[in-house]
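Colleague:
Residue numbers (my numbering): 1299 to 1559.
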């Protein structure tokens, strides 16, 4: 899907071809046949099983049944991801999305069901350097630890016990680069998200991204995706800028457990 800056490009192409707003779509060729407004059915059994084995993944809400936005993420040197948003995280809500990775043949190679765990704002230049990897440490370190104390205000007592057991920490291992490397530069790229079929609403942001992973009690995988996002424009307005760091939990989903109509 060779997207450009959809906020200007789609409108320009439509105008040049004499196409009206209602006759063109910017969400063509999205993996899994997804489009904005598509109805999504996700089998709950993998999520329930992951939670029972200590995952921090959240269940979909009753309203999380439609794709509200789609995005393409291009990461250097040559990686593309797609996100199908069930919740965009607006109005202080947490993001929920399906993250899709396609192989060189264009076929879907992996799908993660993802829910936002937390969002933080880097308050100092040192924080920003750590979360972008510019400092040579931080995002890109060989491991990342979540502490029981950090999540005590977010989880109930029973949830804390299920997730942590008797431990006070969850240790994740970087899922990129050689295991012997103490630090690997984060993936850098951009996400272009469109919130309507014509591509007139959405956002564009620079990203610093690193996936971490741990093994659950049943041997399944849980990913911790840490992404520093520098918003460059919202609805095409470059005056709307900001920076935040998203901590997202993801679990692998078999493609046949997802139905998109």
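Yeah, the Cβ is synthetic: ideal placement off N, Cα and C, and Gly gets one too. These numbers were taken from a predicted model, which means no experiment stands behind them.
1) Just to confirm the assignment, what range does the alpha helix (DSSP H) spanning residue 1345 have?
2) Should residue 1546 and residue 1539 be called a contact, given that it needs their Cβ atoms to be closer than 8 Å?
3) Per DSSP, residue 1544 forms a beta bridge with which residues?
4) How big is the Cα-Cα spacing for residue 1372 and residue 1485?
5) Just tell me which of 1392, 1404 and 1427 has its CA closest to the CA of residue 1416.
6) DSSP beta-bridge partners for residue 1500?
7) Distance check for residue 1517 and residue 1437, CA to CA, integer angstroms please.
8) When DSSP labels each residue in this structure, what does residue 1354 get in the three-state scheme?
9) If I'm right that residue 1386 touches residue 1367 with Cβ under 8 Å, what's the distance once you round it to whole angstroms?
10) Using 8 Å as the threshold, is the C-beta distance between residue 1419 and residue 1542 below it?
11) Going residue by residue through the segment 1446 to 1478, where are the continuous beta strand (DSSP E) segments of at least 3 residues, counting only ones entirely within it?
12) Should the segment 1488 to 1502 be regarded as contacting the segment 1459 to 1474, the criterion being three or more beta carbon pairs within less than 8 Å?
13) Can you tell me the Cα-Cα spacing of residue 1559 and residue 1337, whole angstroms?
14) Leaving out five residues before and five after residue 1548 in sequence, what residues of the same chain have Cβ atoms less than 7 Å from its Cβ?
15) Could you tell me whether the segment 1465 to 1484 touches the segment 1422 to 1438, where touching means 3 or more Cβ pairs closer than 8 Å?
16) Within the same chain, show all residues whose beta-carbon is closer than 6 Å to that of residue 1323, passing over the 5 residues directly before and after it, in chain order.
17) Can you give me the start and stop residues for the beta strand (DSSP E) that residue 1426 sits inside?
18) Less than 7 Å between the CB of residue 1521 and some heavy atom of the ligand FMN, yes or no?
19) Residue 1363 lies in the beta strand (DSSP E); which residues open and close that run?
20) Would you check if the distance between the CB atom of residue 1510 and the CB atom of residue 1442 is smaller than 8 Å?
21) In angstroms with no decimal places, state the Cα-to-Cα distance between residue 1378 and residue 1400.
22) At which residues does the beta strand (DSSP E) containing residue 1396 begin and terminate?
23) Ignore the nearest five residues each way along the sequence and tell me which others in residue 1444's own chain have a CB closer than 6 Å to its CB.
24) Is the beta carbon of residue 1348 less than 8 Å from the beta carbon of residue 1355?
Modeller: To lay it out plainly:
1) Sequence index remark: in the chain shown, residue 1345 carries index 47 (1-based). Taken as a continuous stretch (DSSP letters only), the alpha helix (DSSP H) holding residue 1345 covers 1343 to 1350.
2) The residue labelled residue 1546 in the question sits at position 248 within the chain shown. The residue labelled residue 1539 in the question sits at position 241 within the chain shown. It is not a contact, given that the beta carbons lie outside the stated cut-off.
3) Here residue 1544 refers to the residue found at position 246 of the chain shown. Residue 1544 is bridged to 1417 and 1525.
4) Sequence index remark: in the chain shown, residue 1372 carries index 74 (1-based). Sequence index remark: in the chain shown, residue 1485 carries index 187 (1-based). Whole-angstrom Cα-Cα distance: 10 Å.
5) For the purposes of this step, residue 1416 is taken as the residue at position 118 of the chain shown. The residue with the shortest Cα to Cα distance from residue 1416 is 1392.
6) Here residue 1500 refers to the residue found at position 202 when the chain shown is read from its first residue. Partner(s): 1492.
7) Within the chain shown, numbered from 1, the residue matching residue 1437 stands at position 139. Within the chain shown, numbered from 1, the residue matching residue 1517 stands at position 219. Going from the Cα of residue 1437 to the Cα of residue 1517 covers about 25 Å.
8) Position 56 of the chain shown, counting from 1, holds the residue named residue 1354. Coil at residue 1354, not helix or strand.
9) Position 88 of the chain shown holds residue 1386. Position 69 of the chain shown holds residue 1367. That belief holds up - the Cβ atoms of residue 1386 and residue 1367 are roughly 5 Å apart, short of 8 Å.
10) What you label residue 1419 is simply residue 121 of the chain shown in a count that begins at 1. What you label residue 1542 is simply residue 244 of the chain shown in a count that begins at 1. Against a cut-off of 8 Å, the Cβ pair of residue 1542 and residue 1419 comes out as a contact.
11) Entirely contained in the segment 1446 to 1478, the beta strand (DSSP E) runs reaching 3 residues are, in chain order, 1467 to 1472.
12) no
13) Counted from its first residue, the chain shown places residue 1559 at position 261. Counted from its first residue, the chain shown places residue 1337 at position 39. Spanning the two alpha carbons is a distance of roughly 5 Å.
14) For the purposes of this step, residue 1548 is identified with residue 250 of the chain shown, where counting begins at 1. Within the same chain, and ignoring the five residues on either side of residue 1548 in sequence, the residues whose Cβ sits closer than 7 Å to its Cβ are 1397, 1410, 1411, 1412, 1521 and 1523.
15) yes
16) The residue given as residue 1323 occupies position 25 in the chain shown. So the list reads 1495, once near-sequence residues are dropped.
17) What you label residue 1426 is simply residue 128 of the chain shown in a count that begins at 1. That residue, residue 1426, is in no beta strand (DSSP E); its alpha helix (DSSP H) goes 1423 to 1430.
18) Ligands are entirely absent from the displayed structure, and the ligand FMN is therefore not among its contents.
19) One-based indexing of the chain shown puts residue 1363 at position 65. Note, residue 1363: premise wrong, no beta strand (DSSP E); not H, not E.
20) Walking along the chain shown from the start, residue 1510 turns up at place 212. Walking along the chain shown from the start, residue 1442 turns up at place 144. Contact: yes.
21) Locating residue 1378 in the chain shown gives position 80, where the first residue counts as 1. Locating residue 1400 in the chain shown gives position 102, where the first residue counts as 1. Each residue's alpha carbon lies about 7 Å from the other.
22) Taking the first residue of the chain shown as 1, we reach residue 1396 at position 98. 1394 to 1400 is the span of the beta strand (DSSP E), which, as asked, contains residue 1396.
23) Stepping through the chain shown from its first residue, residue 1444 is reached at position 146. For residue 1444, where only same-chain residues beyond five positions count, the Cβ hits under 6 Å are 1468.
24) One-based indexing of the chain shown puts residue 1348 at position 50. One-based indexing of the chain shown puts residue 1355 at position 57. Yes, they are a contact pair.
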